[in-house]
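What follows is a short report on a single structure.
Here it is in C-alpha cells:
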C-alpha cells in the first residue's frame, strides 16, 4: 500500500490525484478555470439514437483528452510532492479538479451507452469510465459542489489532526504512530489510541452526508448503491465478489486464529491477564499499530526463542558500502535477472532517492508513471536499512508493471484489478529471501531451517494479521451505503465487525458520539480498501506459481525467483495485459487458474502454523 502509515500507493492517472493533496482541495475553485473543459462541445448528437459508432467516437475523443490530462496531472502532483509550497499545492489541486470534472463528464456520458449494442472492448472501456469515480457526484451542480467540499473538509480534518497529551505536548499522527510502535507502557498506549480518535467525531455528519450524495451519484450511473458500484469493478457480479472475499477469508481464518491465540497469550504475559483476558478480543491499543491492522511492531514481545537468523541486512548493507543509489540498482538487477529491460537512465536522473536538506517533500515511498511511455520514477527518502531494501524491490515492482502495459490503450494502462499493483510489488519482495541475499553477496551463509520460524513470524505479524482488517473496512462501508448500518450505529457496528473478524476490541467504552472509522485515513479519504485484502491473497499465489515455473524445489517461503527467465517471461506476459482483459484471464497466465486460492498462504506459512498449534495446546483459543 502506499500510504505508509502504511503508505497509499498510487498510479497517478486521471482517476485519482486527490489523495496526495487532500488537505489542499479547500483552496480549489469549483467553477472558473475548468469551465471550458466541462463545457467542451460533445460531438455526439444527444437527440439521435446512440450507436456503436457514436460510442467509438466518444471513446476516441476521451482517450486523446485523457492522455493530456494524465500528463498534466502527473507532473503537477510530482512537483507538489517534491516541492511542498502553497503554490505547488494550488497547481496540483487545480490539475486534480480538472481531471475530476473530466472524470464526471466521462462517466455520465459513458452511462448513456448502457443499452447500446457495442463490442466487448468498447463495453469494457465504457465500464472503466463509469467506474473511475470513487465518489460519483449527483447530476446536480449544487450537490456536486457540496460533495467535493465535503471531501475537502474530511481530508483537511484528518490531515490537520493532532492531540495534546495530558502533559501538554502536542503530537501529530506521525508522533503518535511512533509511540504506538515503540512504547510498552499500557497507559501511554491507551492515551495515544484514544487521543487520536478525538479528531473524528466532527467527521460523522460530513461522512453521513457524503454517503447520501455518493449513493445518489452511483444510482444515477445505474448502480444500486455506492457499495455495489465499488464491487462491480471486479469482472463479476457485485454480490458474487462479496461472497468471493468471504470464501478467501474462510481459507485463511484457521491460521489467523492460531496466530491470534499465541499473540494474546504473549501479551497477557507482558501486560497481565487482567488487562488482556485470555478468552476475549485483544485490546486494540496493544498491537503496535494505531489501527491494530498489522502487528509487526510487537515482534520483540512475541518472537520465538532463538529466532535470530544470524544476520542483519542493515549491517550487511553498510559493510558492503551500499549507498541509496546502489540499493536501487541492486533491486533493479533483480528484475533484469528475470529478463526485463534495464530502467531508463531518466529514472535515475528524475527520481527522488534521498530527503533534500533545503525543502519539504512527501517522503512516503511511491512509484510514478508520468507519461505512460518510459518516464517512470520512484520517490523515497531512502534509509539504508534492510526494511527499505525490501521496499525498493516493492516499488520497482510497480514501475516494471507500469512499463509493461505502456503499449496498451490509455483505458487499459492499469493493473488487471486494483489488487494486482500492490500484489506484484509484494510478490517481488517475497523473493528477498536469505537465498537471494546470499546470491547477491550480502550474506555469506543461508541460515538453517530452525531459523525460519522467526522469519515467518515477522511476516505473519504484518501480512496475516492484516487480512481480516483488510476485509472488514469495506464490509462496514458497504453496509453503510446499503442502509444496513445507520448513522446512530456507525461506531457500534464498526467494533462489532472488528471483534467478529479480528478479535480486536476497543480498550475503553466508546462514547455514543464517537466515529472511530474516521480515525482510519481511507474512510474519510474515500479510498476503497478491498484492494489491499486482495493484494495480500494474490501475492502468495503469484509467488507460489512463479516459484513452480522457475523450477524451485525449496519450500516456498525459502524460494526466490531471482535469475529465472522462465518466471520472468510468465510474469511479463501477465503485466503486459494491463487491464485489457478480465482479471481472471491475467491471473490464469501465471497461476493457471481463474479463481483466487488462498491455500498458497497456508503453504507459505505451514512451518509456522505447526509451531503455533504446538504452542497453543491446552489454551482456550477463540474470541
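Numbering (the numbering used here), first residue to last: 1 to 623. Beta carbons are placed, not taken as given, at the ideal position from N, Cα and C, and that holds for glycine.
So residue i and residue j are supposed to be a Cβ contact under 8 Å. How far apart are they, rounded?
i: residue 639; j: residue 455; result: This structure does not reach residue 639, given that the chain is present from 1 up to 623, and the question cannot be answered.
i: residue 568; j: residue 340; result: 6 Å
i: residue 682; j: residue 608; result: Since the displayed the chain opens at 1 and closes at 623, residue 682 lies outside it and no answer follows.
i: residue 191; j: residue 166; result: 7 Å
i: residue 394; j: residue 426; result: 6 Å
i: residue 564; j: residue 408; result: That belief does not hold up - the Cβ atoms of residue 564 and residue 408 are roughly 25 Å apart, past 8 Å.
Just to confirm before moving on: does the CB-CB distance between residue i and residue j stay below 8 Å?
i: residue 396; j: residue 335; result: yes
i: residue 147; j: residue 135; result: yes
i: residue 437; j: residue 328; result: no
i: residue 111; j: residue 222; result: yes
i: residue 231; j: residue 242; result: yes
i: residue 648; j: residue 316; result: Because the chain spans 1 through 623 in this model, residue 648 falls outside it and cannot be assessed.
i: residue 480; j: residue 545; result: no
i: residue 491; j: residue 505; result: no
i: residue 366; j: residue 378; result: yes
i: residue 473; j: residue 543; result: no
i: residue 276; j: residue 286; result: yes
i: residue 139; j: residue 171; result: no
i: residue 50; j: residue 122; result: no
Might you give, ordered along the chain, the residues of its own chain that have their beta carbon closer than 7 Å to the beta carbon of residue i, omitting 5 neighbours on each side?
i: residue 150; result: 206, 209 and 210
i: residue 248; result: 537, 596 and 598
i: residue 620; result: 278 and 279
i: residue 245; result: 471, 530 and 533
i: residue 45; result: Low confidence applies here, because residue 45 scores a pLDDT of 49, under 50, leaving its location unreliable and the question unanswered by this model.
i: residue 614; result: none
i: residue 201; result: 513, 514 and 515
i: residue 37; result: Low per-residue confidence applies at residue 37: pLDDT is 36, beneath 50, and the placement is therefore not dependable, though the value from the model is reported in the following sentence. Counting only Cβ-Cβ distances below 7 Å, and skipping sequence neighbours, we find 98, 101 and 102.
i: residue 30; result: Caution is warranted here: a pLDDT of 31 is assigned to residue 30, below 50, making its placement in the model unreliable, and no coordinate value can be reported.
Who are the near neighbours of residue i in its chain, counting only those whose CB is closer than 6 Å to its CB and skipping five residues on each side?
i: residue 252; result: 467, 598 and 601
i: residue 40; result: Unreliable positioning characterises residue 40 in this predicted model, as indicated by a pLDDT of 43, which lies under 50. The coordinate reading is nonetheless provided below. Contacts found: none.
i: residue 549; result: 566, 567 and 570
i: residue 91; result: 76
i: residue 183; result: 189
i: residue 234; result: 241 and 417
i: residue 28; result: The pLDDT assigned to residue 28 is 33, lower than 50, so where the model puts this residue is not dependable, and the model offers no usable value.
i: residue 604; result: 540, 556 and 557
On a Cα-Cα basis, can you pick out the residue from the options that is closest to residue i?
i: residue 566; options: 576, 116, 558 and 552; result: 552
i: residue 157; options: 181, 177 and 203; result: 203
i: residue 594; options: 266, 410, 574 and 331; result: 574
i: residue 375; options: 348, 394 and 355; result: 348
i: residue 257; options: 280, 239, 271 and 245; result: 280
i: residue 403; options: 97, 525 and 578; result: 578
i: residue 215; options: 482, 296 and 130; result: 482
i: residue 294; options: 234, 457, 218 and 383; result: 457
i: residue 351; options: 434, 69, 129 and 392; result: 392
i: residue 324; options: 390, 193, 70 and 230; result: 390
i: residue 413; options: 128, 163 and 51; result: 128
i: residue 364; options: 78, 52, 93 and 85; result: 78
i: residue 117; options: 56, 526 and 240; result: 56
i: residue 501; options: 66, 168, 250 and 446; result: 250
i: residue 561; options: 337, 480 and 225; result: 337
i: residue 555; options: 572, 606 and 330; result: 606
i: residue 299; options: 330, 267 and 318; result: 267
i: residue 368; options: 114, 82 and 130; result: 82
i: residue 86; options: 163, 297 and 359; result: 359
What span of residues does the beta strand (DSSP E) with residue i cover, start to end?
i: residue 638; result: With the chain covering only 1 through 623, there is no way to say anything about residue 638.
i: residue 377; result: 376–379
i: residue 659; result: Because residue 659 is not part of the residues shown, which for the chain are 1 to 623, the question remains open.
i: residue 163; result: 162–164
Does any heavy atom of the ligand SAM sit closer than 7 Å to the C-beta of residue i?
i: residue 185; result: Absence of the ligand SAM is noted for the structure shown, with no ligands found whatsoever.
Between which two residues does the alpha helix (DSSP H) harbouring residue i extend?
i: residue 229; result: 226–231
i: residue 223; result: Premise fails: residue 223 is in no alpha helix (DSSP H) and is neither H nor E.
i: residue 176; result: 173–182
i: residue 271; result: 238–271
i: residue 454; result: 452–482
i: residue 324; result: 324–337
i: residue 600; result: 599–604
i: residue 547; result: 530–549
i: residue 584; result: 583–591
i: residue 194; result: 186–196
i: residue 425; result: 420–430
In its own chain, which residues sit with a C-beta less than 8 Å from the C-beta of residue i, not counting the 5 before and 5 after it?
i: residue 616; result: 258, 261, 262 and 265
i: residue 290; result: 5, 173, 176, 177, 180, 192, 193, 196 and 519
i: residue 33; result: Note that residue 33 scores 32 on pLDDT, short of 50, meaning its location in the model is unreliable and no value can be drawn from it.
i: residue 119; result: 52
Taking Cβ positions only, does residue i come closer than 8 Å to chain C?
i: residue 162; result: You won't find chain C in this structure, because it holds only one protein chain.
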